[in-house]
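Following the working numbering, the numbering of the sequence shown begins with 1 at its first residue and continues without gaps. Even glycine gets a Cβ: it sits at the ideal position worked out from N, Cα and C. Input: a single structure, listed below in structure tokens.
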Amino acid sequence: MLRKIGRLFVIKTKFEAFLIIYGLATGAAERGVNYLEQYPGTGGYLLFACCPVAVFMAGARILDSLERERADFHG
1 MLRKIGRLFV IKTKFEAFLI IYGLATGAAE RGVNYLEQYP GTGGYLLFAC CPVAVFMAGA
61 RILDSLERER ADFHG
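Listed below in structure tokens is the structure:
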């Protein structure tokens, strides 16, 4: 039973990966806007810039792991 529930949290397709990346990006943009409100000026802009960069890195890792898993499975 736990195995079935655990499989719900496994990313199986690129579509699922892109949905997760979209959700991460939406949250990062919201956090960046909050940083701009809390820290006006250069510091806020730097923190805002860090948020999407973290999503880009996480998204690349998710997509790379999907492709690597598919290559291991088929190769």
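Does the beta-carbon of Tyr-35 have 16 or more other beta-carbons within 10 angstroms, so that it is buried, or is it exposed? If you number the sequence shown from 1, residue 35 lands on position 35. Buried.
CB of Cys-51 within 8 Å of CB of Arg-31, strictly: The residue you call residue 51 lines up with position 51 of the sequence shown. The residue you call residue 31 lines up with position 31 of the sequence shown. Against a cut-off of 8 Å, the Cβ pair of Arg-31 and Cys-51 comes out as a contact.
I'd like to check one pair, Leu-66 with Ile-11: are the Cβ atoms closer than 8 Å? Residue 11 sits at position 11 when you count from the first residue of the sequence shown. Residue 66 sits at position 66 when you count from the first residue of the sequence shown. Yes; because the gap between Cβ atoms is below 8 Å, this pair is in contact.
Span separating the alpha-carbon of Leu-63 from that of Ala-49: To locate residue 63, count along the sequence shown from 1; it is residue 63. To locate residue 49, count along the sequence shown from 1; it is residue 49. So the alpha carbons of these two residues sit roughly 22 Å apart.
Where does the unbroken alpha helix (DSSP H) through Tyr-22 begin, and where does it stop? By 1-based counting over the sequence shown, the position of residue 22 is 22. Element bounds for Tyr-22: 14-38.
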